[in-house]
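Asks:
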Amino acid sequence: MHELLIRNAYVIDPINGILGEIMDIPIRDGRVVDKVSEKSDLIDALGYLTLPGGIDSHTHVCGTKVNFGRYMSPEDMRAGRTSRRGVMYPTSGYTVPTTFGNSYRYSRMGYTTLLEGAMAPLEARHTHEEFAATPMQDMLANTLFDGNWSLFEAVGDNDVKQAAAVIGWTLKAVKGFGIKLTNPGGTEAWGFGDDISGLDETVPNWDITPKQIIDTTIRACELLHLPHSVHLHCNNLGMPGNYKTTLDTMEIPSDMNRDRQTLYLTHVQFHSYGGHTWGDIRSEADKIAASVNNKPHIVIDMGQVMFGRTMTMTADGPMEFRLYTLHHNKWSNHDVELETGSGIIPVYYNRQSLVNSVMWAIGLELALMVKNPWQCLLTTDNPNGAPFVKYPEIIGLLMSNRYRNKELESVHRHINKRTILSSLERELSFEDIAIMTRSGQTKALGLINEGKGHLGEDARADIAIFPVKPDDIDPSKQYEEVIGAFQQTLYTIKDGIVVSRNGEVVTGILNRTFWSKPDLPDDMDVMQSSRFIEKFSRFYSVDLENYAVQDEYVERGVAIDSKVV
Amino acid sequence: MSDKVRHVVCPYCGCLCDDILVELDEGKITGVENACTLGAHKFLSDSENRLKGPIMRDGSGWKDISYEDAIDYVVDLLSKADRPILYGWSGCATETQAIGAHLAELIGGVIDSTTSVCHGPSILAIQEVGHPGCTLGQVKNRADTIIYWGSNPIEAHPRHLSRYTNYADAYFFHNAFRERQVIVVDTRKTPSTEIATEFVLVKPGGDYHVLSALRAILRGRADVVPDIVAGVAKPQLIRIVEICKKTNFGAMFFGVGITMTGGKYKNIRNAIEFVDELNRYTKWTISPMRGHSNVYGSNEVFTWISGYPYAVDYSRGIAFYNPGETTVVDILARGEADAALIMASDPGAHFPRICSENLAKIPTILFDPYPSVTTHLCTLQIPSAVNGIDAAGTAYRMDGIPIRTHKFLDNTGYPTDTTLLKQIYDRIREAKENA
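Sequence lines, in order, name chains X and R. To convert a position in the first sequence, counted from 1, into this note's numbering, add 186. To convert a position in the second sequence, counted from 1, into this note's numbering, add 831.
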């Protein structure tokens, strides 16, 4: 039995309605409890800001394309290397660090749970192998269905139950967590070098549209009662004028779930562009935010862009090719048979560029104009908008109008003609930031019952203590101190164990993998479908019997059960 | 009692065929179906070829030693070495490769895989210009034009054509074989050139010129291309560009025929940029024909642990990568290494003579179930279970798809290399922490 008592913590735990109280947190065997014995270990938090462990609900840290980003970029590996220190292995990489590099840097920032944004089912073992090498965080994998032929057939038949059967079987087979749709229909079109430009356009060779794919998949997700909603990367990412597609997409679902959103739109900054060309691109963040404000069943994440060098990587293969034709930088592509695509290119976001400045402003506008912080979560779509180590700077920008105005002076001079950021005076509070970095995530991902993202009794004791006292600081003026505080915790605690102290990882631990295990009735067994089986015998290049991810890859897996109703 | 095991994964080459049927009788492999000659031989000749246990050089001969003594020797040698090299890995599971990468870091050694003598140049090219690729099933279902450049799949990857390209079942064709065309580019006739709808005979060393000519033609500058380029007539080059542009989905595969000839990685860079350019017209992909069953796995594992796909030098405490300097061939040629751990590969058969000579001069440990040319150079050989026969683990196919190999023979009595390497790692680490 291991007991720990954190005393004098300035706790913000929005899930439990605790908004800045000095209190003690008793912990036993990795869980928050009512009280502990006098023999417990003690940490005096001295009134410092104490939050549940951070959760990133959309990041790219493990799997085929992330690793290819490293593989093709020795220049990036050299840019972030550290040698062995204590229990910490050497690390490499700045924008796409090695798995241990990601894990240590996230841990230093107080993060204890990460959702890998895109896992191709056929390559799931790779993601799980890298999860095992990302030890400081519990991991989840959103599973790609945007070009899944068996799902397409169900969509074509307008058969929600069959769609749910395919999704349910696949998630169990590959130990995936949630449903990810990336440019639905577009990644399949890219199989022959095409793309999709509208929600009602027919997917080549398939008599279905992106709108039908999204709608059927949302209904299937709700039929399966999965913890997380459909997680959508909209069509037309990065195209001037794409805000219309995004607005239309938000009209697709009705409110179908009491506990969480019905649709999660990711990296919405990349989907909020007005204008027609790169020459007249402008922000339409106000229209997107207004739509979100009217739809409590929708949650978005920012996908904030920060200036500097980074690596773009997405399942959206055609989008990456378009980027390549703009940048002429090195380009990788990796289509996955019957399932999805992917692409990678390095980019540099330049504050002298009007386009990049507009992108930077849009992410902030979204966060400031979406009224309810539970509906707009903080991400950079790591590393697409920026490496996650930039999160503290984003927090600084959101909490300080003064800092924003200072930055606005250094970006492209026409920024105020294309965005309204300079007119937004809202400054977010520590509570807003707590919601946008952990509480909102646990609610959106459906992990509250798994004890994640809050500090109520029986919650998993994942806790971050930051070197800042909210009552003694004015973030509007002292934004640099706020940034410093969020860059490095005093303590990061995972499962009741101090794992990181003043920026140093101090203990080697083993993580776990959460995956979804919907219980499927007999009439939803795809193994009875000859059409499903034929995919493997004729068109996949791997046998059905070798497709499913074996238990060896999720030794510390936590299956989240759900029932079809 | 005979038994049939289905859907076995073949651990021979980078095709990782996973539809093999193995017949067993009394714990011995008696029959193999679906595999090619190379794969079938791997299974059928397995039991008769294996070493019974570790052997240690003893004067001019060998003596049997126990696994315990063998591990003691390895721990002692690697702990004391100043410039140890850990080489091979391409026949090991990724689980073993991962321990290898951590072991290299622990002892400040160099870890490198057989990549450095096969597709190392391909990776250098990819690090300059990227890699537009895809999984093999994508080619199988969609490709109407396939190019094999500097590779001879019929002899080196015999089922590549039937499982993934020319003869494979395809979703988007009624009669795939008749609707596809195969272009083979090589410096000589091979069995693979026999099946080509278009054979391009290039003078040795001329690949770079031919690729440059194709790129010039594709970009509308046929006027600068001479009448004959490295033995290839201009009309044929123009015809090939036209075929490539009219294709719906093209797939180029290349082998060591252009990675290891003059120009090396610049050849591959040129090929990749030709494919990049073709993507402005239609869909094209390009992929290396990887040799060993899990050579791609070694690149993947080393990358997520160290940041680099091969040739990683930990002697400075950080991961350092500079192929040409930190590649094991170069370290051996310079006579720098003072101890070698060779995992499941045969450098004695493939390295330049100077490297083999230097390998023979230093204490060299070989992990391999079978005797090989390298046996004659090594000090100690340790046989372990064969991944895909009496051990299971992850292997990455040449297109990056991770597949779990099967353990279908029990009770062979061999420990796995994962177990042995873990013991070595744990003992060295413990000694360091207590020092």
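All C-beta atoms in this analysis are idealised placements derived from N, C-alpha and C, irrespective of residue type, glycine included.
1) Note down, one range per segment and in chain order, each beta strand (DSSP E) of at least 3 residues found wholly within the region 971-1022 of chain R.
2) Going straight from the alpha carbon of N997 (chain R) to that of W1115 (chain R), what length do you get?
3) Give the secondary structure of G562 (chain X) by DSSP, where H, G and I count as helix, E and B as strand, and everything else as coil.
4) Under 8 Å by Cβ, that's how I've got R588 (chain X) and K663 (chain X) pegged, so tell me the actual separation to the nearest angstrom.
5) Can you confirm whether G1268 (chain R), when its beta carbon is compared against all beta carbons of chain X, has any partner nearer than 8 Å?
6) Below 8 Å on C-beta distance, what does M258 (chain X) contact in chain R?
7) Which of helix, strand or coil does DSSP assign to N479 (chain X)?
8) For A1064 (chain R), does the count of other Cβ atoms within 10 angstroms reach 16, so buried, or fall short, so exposed?
9) In the region 573-598 of chain X, which residues sit with their C-beta less than 9 Å from some C-beta in chain R, listed in chain order?
10) Take M887 (chain R) and list the residues in its own chain whose beta-carbon comes closer than 6 Å to its own, dropping the five residues that flank it on each side.
11) Please confirm if N1218 (chain R) has its CB atom under 8 Å from at least one CB of chain X.
12) In this structure, does DSSP put H600 (chain X) in helix, strand or coil?
13) Is it right to say I1059 (chain R) is buried, meaning 16 or more other beta carbons lie within 10 angstroms of its own, or is it exposed?
14) What runs of the alpha helix (DSSP H), each 4 residues or longer, lie entirely inside the region 1114-1202 of chain R?
15) Helix, strand or coil for R881 (chain R) per DSSP?
16) Could you compute how far the alpha carbon of M209 (chain X) sits from the alpha carbon of L232 (chain X)?
17) For the candidate residues R:P915, R:A1102, R:I977, whose alpha-carbon lies nearest to that of A1047 (chain R)?
18) Going along the chain, which residues of the region 715-731 of chain X sit with their C-beta nearer than 8 Å to a C-beta in chain R?
19) Under 7 Å Cβ-Cβ, which residues of chain R neighbour W517 (chain X)?
20) Would you report the Cα separation of L774 (chain X) and W355 (chain X), rounded to the nearest angstrom?
21) Look up G427 (chain X) in the DSSP assignment and say whether it is helix, strand or coil.
22) Compute the beta-carbon to beta-carbon distance between N369 (chain X) and L423 (chain X), rounded to the nearest angstrom, for a pair I have assumed lies under 8 Å.
23) If I follow the unbroken beta strand (DSSP E) through C965 (chain R), where does it start and stop?
24) Which residues of chain X have a Cβ atom closer than 8 Å to the Cβ of L967 (chain R), listed in chain order?
25) Alpha carbons only, please: which of R:S1043, R:E1261, R:N1079 is nearest the one belonging to I1099 (chain R)?
26) Let me confirm a value: N688 (chain X) is counted as buried when at least 16 other C-beta atoms fall within 10 Å, else exposed. Which label applies?
27) Among X:A359, X:G272, X:K680, X:K481, whose alpha-carbon lies nearest the alpha-carbon of W560 (chain X)?
28) Is it true that the region 599-611 of chain X meets the region 670-687 of chain X, where meeting means three or more beta-carbon pairs spaced less than 8 Å apart?
29) Leaving out five residues before and five after T1018 (chain R) in sequence, what residues of the same chain have Cβ atoms less than 6 Å from its Cβ?
30) Under 8 Å between the Cβ atoms of T500 (chain X) and N570 (chain X)?
31) Over what stretch of residues does the beta strand (DSSP E) that includes K1076 (chain R) continue unbroken?
32) Taking contact to mean at least 3 C-beta pairs separated by less than 8 Å, is the region 579-593 of chain X in contact with the region 506-514 of chain X?
33) Anything in chain R within Cβ reach of R508 (chain X), meaning under 9 Å, just list it in chain order.
34) Quick check on DSSP: helix, strand or coil for P212 (chain X)?
35) Please state whether the Cβ-Cβ distance between T298 (chain X) and T678 (chain X) is less than 8 Å.
36) Decide if the region 247-264 of chain X is in contact with the region 537-545 of chain X; the criterion is three or more beta carbon pairs, one per stretch, under 8 Å apart.
Replies: Working from what's here:
1) 976-980, 1012-1017
2) 16 Å
3) It should be pointed out that residue 562 (chain X) corresponds to Cys in this sequence rather than to Gly. Strand at C562 (chain X).
4) 6 Å
5) Nothing can be reported for residue 1268 (chain R): it is not among the residues displayed for chain R, which extend from 832 to 1266.
6) I957, Q958, G961, H962
7) helix
8) exposed
9) none
10) K894, I896, L1211
11) no
12) coil
13) exposed
14) 1126-1137, 1159-1164, 1178-1181, 1184-1192
15) coil
16) 10 Å
17) R:A1102
18) R724, F725, Y726, S727, V728, D729, E731
19) G961, P963, D1107
20) Any property of residue 774 (chain X) remains undetermined from this structure, which presents chain X solely from 187 to 751.
21) coil
22) 7 Å
23) 963-965
24) E523, S727
25) R:S1043
26) exposed
27) X:K481
28) no
29) V1033, P1035
30) yes
31) Counting along the chain, K1076 (chain R) falls outside any beta strand (DSSP E), though it belongs to the alpha helix (DSSP H) covering 1065-1077.
32) no
33) What R508 (chain X) touches in chain R: nothing, since even the nearest Cβ is about 11 Å away.
34) strand
35) yes
36) no
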